[in-house]
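Worksheet for the structure shown next.
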Amino acid sequence: DGPRYPVADLRSALDLAPEIPIVECDARRRASSRDVLMTLMRFLHSLAMTGALT
Numbered sequence: 043d044g045p046r047y048p049v050a051d052l053r054s055a056l057d058l059a060p061e062i063p064i065v066e067c068d069a070r071r072r073a074s075s076r077d078v079l080m081t082l083m084r085f086l087h088s089l090a091m092t093g094a095l096t
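Numbers 43 to 96, taken from the numbering used here, label the letters of the sequence shown in order.
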């Protein structure tokens, strides 16, 4: 297992806006990978519905 960092530290280091989701994932687990993809799709859908993608 690799090092783990608090979400707040990652967000700050990557200079991510608060509305951009950060999701923990263990890619070895199918359900965890699925959950990340579902979160991504929901986020992209919300951007599309607000017109933020144009």
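All C-beta atoms in this analysis are idealised placements derived from N, C-alpha and C, irrespective of residue type, glycine included.
Same chain only: Cβ atoms within 6 Å of residue 63, ignoring 5 sequence neighbours per side = Numbered from its first residue, the sequence shown carries residue 63 at position 21. Hits under 6 Å: 81, 85.
Check whether residue 65 and residue 51 have beta carbons under 8 Å apart = Residue 65 sits at position 23 when you count from the first residue of the sequence shown. Residue 51 sits at position 9 when you count from the first residue of the sequence shown. No.
According to DSSP, is residue 69 helix, strand or coil?
-> The residue labelled residue 69 in the question sits at position 27 within the sequence shown. Correct three-state label for residue 69: coil.
Using three-state DSSP, classify residue 77 as helix, strand or coil.
-> On the sequence shown, position 35 is the one that residue 77 refers to. In the structure shown, residue 77 sits in a helix (DSSP, three-state: H, G or I).
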